[in-house]
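These protein sequences, in sequence, are chains A and B. Using numbering that gives the first Met the number 0, the letters of the first sequence correspond one by one to residues 0 to 259. Using numbering that gives the first Met the number 0, the letters of the second sequence correspond one by one to residues 0 to 409. From the three backbone atoms N, C-alpha and C, an ideal C-beta is built for every residue, glycine too. Quantities reported herein were computed from a predicted structural model and do not represent experimental measurements.
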Amino acid sequence: MLKILKYSIYDLLRSRWSYVYFIFYLMLSFSLFFLNSDIDKAIITLMNVIVVLTPLIGTIFGVMYYYSSKEFTELLLAQPIKRSKIFMGQYIGISLSLTLSLVLGVGIPFVIYGLFKSAAVFDFTLLLVVGAFLNFIFVALAYNIALSINNKIKGFGYAILMWLTFAVIYDAVFMGLLIHYNDYPLDKFTLIATMLNPIDLSRILILLKLDASALLGYTGAFLQSFYGTNMGLIVSLSALSMWIVLPILRMSSKLKKKDF
Amino acid sequence: MKYLFLVFLTIQFSANARTIVVCKSCSIKTIKKAVSLASDGDKILVKKGYYKETNIQVSKMIQIIGESSPTIDGMNKTESIFAVKATNFLISGFLFKNVGVSYTKEIAAIFISKSRNFTVKSNSFSNVFFAIILQDCKFGVLLSNKIKGTAKSESSSGNGFHLWKCANIRIEKNTVSGMRDGIYLEFVNKSHISNNTSLNNIRYGLHFMFSNNNEYHHNEFKQNGAGVAVMFSKFIKMHHNTFHFNWGAASYGLLLKEINDAEITDNYFEQNTIGINIDGCNRITYSNNHFIRNGWAIKFTGGCYANLFEYNNFQHNAFDLSYNSRLNDNKFEANYWSEYSGYDIDKDGIGDVPHRPVKLFSYIVNQTPETLVLLRSLFVDIINFSEKVSPVFTPDNLIDARPIMKPINQ
C-alpha cells in the first residue's frame, strides 16, 4: 500500500494541478494578510473560502484522478496486490497531496507574517485541521461515486451534485425546516442537523471559535455550550472522522463485489 | 461654573475664613467634629490617615479637602458617608471604602440632595454600594473621580453616579468600572457628560431615562454588560464617543428607545453585538459615525420615522442593517459600505449604482432567529445575491442612492 501511496503522491506532485492549487492558496492568504492586518477577519475570509472550496476541489480531484488513472489501476489489479490496498493507497495519496497544498499554501504566509505568537494560532490550527478533514471526507465520497458509476460524465455529474447537496441544498432544506417549525424548540434539531453535514459542522466549529456565538443569541448559547467544550470538540471531530470512516467502509465493501 | 468661581473667590478672600486641620494627632480627630465646628466659608483639611466614619452631615458652605488621599471607611454600615444638603461646597481628594449594601435605602459614599453650586472632584471609591447620588441638585460638577466596584448581581449593586431630578450638572473625566450602571441619569436636564470612561459595569455603561437636552461626548464605553441605554429622552447630542467590545447575547453598543430629535455624530462603534439598536426613534441625524466589525451595525426594532443617516462608515459588520418592516421612512445617503459592489465610472467618489444595505438573510433572521446558524453559508450568499438583484422581501426604497467609494476619515 505504501508503494502505491508513494506512487500516487509522486504522480500528483508531477501534475500541474496540485501546484496550481498550492499557489492559489498561497496567493489568497498572502493577499488577505497583506490587505487587512486584522487576523480574525482574514481567518473568517479564509474560512469562507476553505469551507466551500476544499470540498469542491476534493470532489473534482477525486473523481478526475479515479477516471484518468483507471487504465493503470486495471493494470495494477492484474498483479497479486489486494484491491483494498491499491485503492486505499490512491485515496490517501490524493487526500494527502491536497492537504499538503492547503496546509503549505495557507501556512507559509501565516508563518511569514509572524503570526505564530498571536492568539489566533489556535483558531488557525483549527481551520487547517478542518480543511484537512474536508479534503479526506470529500475525496472519499468522490471515490465512492466514481467506483459506483463507470460512465465518466455521469460520475462527474453525480459528484458535483453531491457537493452541491452538502454546500447548498442541505442548507436550503435546513433553513426551510427552521422557518416552518419556528414555533417549536429547535435547538436540539439544529445541533443534530449541523452534525450531519460536514461542511456545516466545520463552518460552525470555526464560527463559534471566532466568537460569533454572541450573534447567534439563544441558539448560539446552546451551540456554544455544546461545541465550546472539549467534549463538544471531541464529539464534532469524531463526527467528522465518521464521515471519513463510513465512505471508506462502503468503498471496501463495494470493491469486494465490483467487476472491473 | 460661573457661580462656583464667584463663590470660591469670596471664600478665598473673606477675612474670617479659617482652615480646620483634621488628623490623628491633631486636637480635632474626626471629620464629623470638624464639620460641626466649621462655619460658612471655612476649609477643612484632612491629613493622610484612616478614618472610620459614616453619616457626616454637611449643611454649610465649606470645602472639605483630603490631603494625599486619606481613607474614609464606611465599615459596611448602611449609612452614607457624606450626607450633604448645602450650597457652594467642595469635597475632594478622598478615598471612600466599604459602604454597605441596602435593599431598602439608597445609600452612597457621597449623598447630595437639594444642593446647588458644588464640586466633587478627585475622589476614589472602592467597594461602595452607590458612589455618588445626586438628588434634586443644580449646577454641580463631578470631576476626575475614580470608581471601582465589585458588583456581582444587578439586585445587590448600585450605580457609580446616580442622578435623579437634576439640572445643569457636569460629569467630566471620571472612570467607573464594576458597578451596576456606570452613570445613571433620571429626569436630568441640560447636563454635560464628557471624557468619562465607563467599563466592565454589569448593566449599562451609561443609562439615560427621561432626561432631555443633554450632551455627552468624548466618552468611552467598553465591555459593559448591556452597553449604553438612552431611553425616553429628547434633544440629546451624542458625539465623539467610543462604544466598543460590548459583546454578549444581550449586549448593545447603544440602545435607543423612544428618542426624538437627537444628534448622533462622530461616534465609533467597534465589535459590539449590535452597534445601535433603534426602537421607536424619530428625527435623529446620524452622521460621521464609524461602525466596524459589529454583529449588526444598526438594528431597527420598532417604528422609526424621518431618521437620516449620512456620511457613516459601515465596515465589515456581519449585518450592516436589520430592518423589521417593509415600509421605510428613513433616509440613507452618502454612506460608505464596505460591502458595496458597485462602480464609479466618472470618478467623482460616488458610486453609480445604489446600494441595498438590507440583506434577505437579515430579514429571515429577523423572522426566525434560529436560522442564524447558517451565517456565512454558501446558500445564504446565493439568496442574498438574488434578493439584491430583484428585491422581494426587503423594502425596495431602502437604498443608499449615492454610496461613497472611500471610507470617511476617522
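In chain order, what residues of the same chain lie with their CB nearer than 6 Å to the CB of residue i, ignoring the 5 residues before and after it?
| i | result |
| --- | --- |
| residue 108/B | 80, 95, 98, 124, 127 and 130 |
| residue 371/B | 364 |
| residue 176/A | none |
| residue 187/B | 162, 165 and 210 |
| residue 368/B | none |
| residue 174/B | 145 and 196 |
| residue 277/B | 255, 299 and 303 |
| residue 330/B | 307 |
Determine, for residue i, whether the minimum Cβ-Cβ distance to residues of chain B falls below 8 Å.
| i | result |
| --- | --- |
| residue 209/A | no |
| residue 181/A | yes |
| residue 48/A | no |
| residue 260/A | A question about residue 260/A goes unanswered here, because the residues of chain A that appear run from 0 up to 259. |
| residue 228/A | no |
| residue 63/A | no |
| residue 238/A | no |
| residue 93/A | no |
| residue 225/A | no |
| residue 82/A | no |
| residue 161/A | no |
| residue 51/A | yes |
| residue 244/A | no |
| residue 174/A | yes |
| residue 170/A | yes |
| residue 178/A | yes |
| residue 74/A | no |
| residue 77/A | no |
| residue 189/A | yes |
| residue 58/A | no |
| residue 195/A | no |
| residue 204/A | no |
| residue 185/A | yes |
| residue 254/A | no |
| residue 25/A | no |
| residue 167/A | yes |
Are the beta-carbon atoms of residue i and residue j separated by less than 8 Å?
| i | j | result |
| --- | --- | --- |
| residue 284/B | residue 253/B | no |
| residue 273/B | residue 298/B | yes |
| residue 58/A | residue 131/A | no |
| residue 142/A | residue 65/A | yes |
| residue 94/A | residue 8/A | no |
| residue 11/A | residue 92/A | yes |
| residue 290/B | residue 268/B | yes |
| residue 176/B | residue 144/B | no |
| residue 122/B | residue 92/B | yes |
| residue 192/B | residue 218/B | yes |
| residue 259/A | residue 70/A | no |
| residue 303/B | residue 288/B | no |
| residue 293/B | residue 399/B | no |
| residue 245/A | residue 226/A | no |
| residue 221/A | residue 170/A | no |
| residue 165/A | residue 42/A | no |
Once the 5 residues before and after residue i are set aside, which same chain residues still bring their CB inside 7 Å of it?
| i | result |
| --- | --- |
| residue 249/B | 225 |
| residue 338/B | 319 |
| residue 85/B | 57, 58, 59, 60 and 114 |
| residue 154/A | 62, 66, 144, 145 and 148 |
| residue 51/B | 72 and 74 |
| residue 242/A | 136 and 197 |
| residue 27/A | 48 |
| residue 77/B | 99, 101, 104 and 106 |
Between residue i and residue j, which are expected to be in contact by the criterion C-beta below 8 Å, what is the C-beta distance as a whole number of angstroms?
| i | j | result |
| --- | --- | --- |
| residue 50/A | residue 237/A | Going by Cβ atoms, the distance from residue 50/A to residue 237/A rounds to 19 Å, so no, they are not a contact pair. |
| residue 327/B | residue 255/B | With 8 Å as the limit, residue 327/B and residue 255/B do not qualify as a contact, their Cβ atoms being about 18 Å apart. |
| residue 178/B | residue 132/B | Residue 178/B to residue 132/B, Cβ: 12 Å. No contact. |
| residue 56/A | residue 20/A | 6 Å |
Using C-beta distances below 8 Å, list every residue in its chain close to residue i, excluding the 5 sequence neighbours before and after it, in chain order.
| i | result |
| --- | --- |
| residue 348/B | 403, 404 and 405 |
| residue 34/B | 43, 55, 56, 57, 59, 61 and 63 |
| residue 254/A | 82, 83, 86 and 146 |
| residue 6/A | 88 and 92 |
Is the closest heavy atom of the ligand PLP to the C-beta of residue i under 7 Å?
| i | result |
| --- | --- |
| residue 129/B | Among the ligands in the structure shown, none appear at all, so the ligand PLP cannot be discussed. |
Listed from N- to C-terminal order along the chain, which residues in the segment 365-380 of chain B have their beta-carbon within a distance smaller than 8 Å of any beta-carbon of chain A?
So the list reads 366, 367, 368, 369, 370, 371, 372, 373, 374, 375, 376, 377, 378 and 379, given in the order they occur along the chain.
Please identify, using Cβ separations under 9 Å, the residues of the segment 305-324 of chain B that lie next to chain A, in order along the chain.
Under the 9 Å Cβ criterion, the segment 305-324 of chain B contributes 315, 317 and 318.
Closer than 9 Å between beta carbons: that is the criterion. Which residues of the segment 231-252 of chain B meet it against chain A?
From the segment 231-252 of chain B, only 246, 247, 248, 249 and 250 have a Cβ closer than 9 Å to chain A.
Proximal residues, the segment 116-130 of chain A versus chain B, C-beta separation under 7 Å:
If the cut-off is 7 Å between Cβ atoms, the segment 116-130 of chain A has nothing near chain B.
May I ask you to list, following chain order, the residues of the segment 133-165 of chain A that have a beta carbon less than 7 Å from some beta carbon of chain B?
If the cut-off is 7 Å between Cβ atoms, the segment 133-165 of chain A has nothing near chain B.
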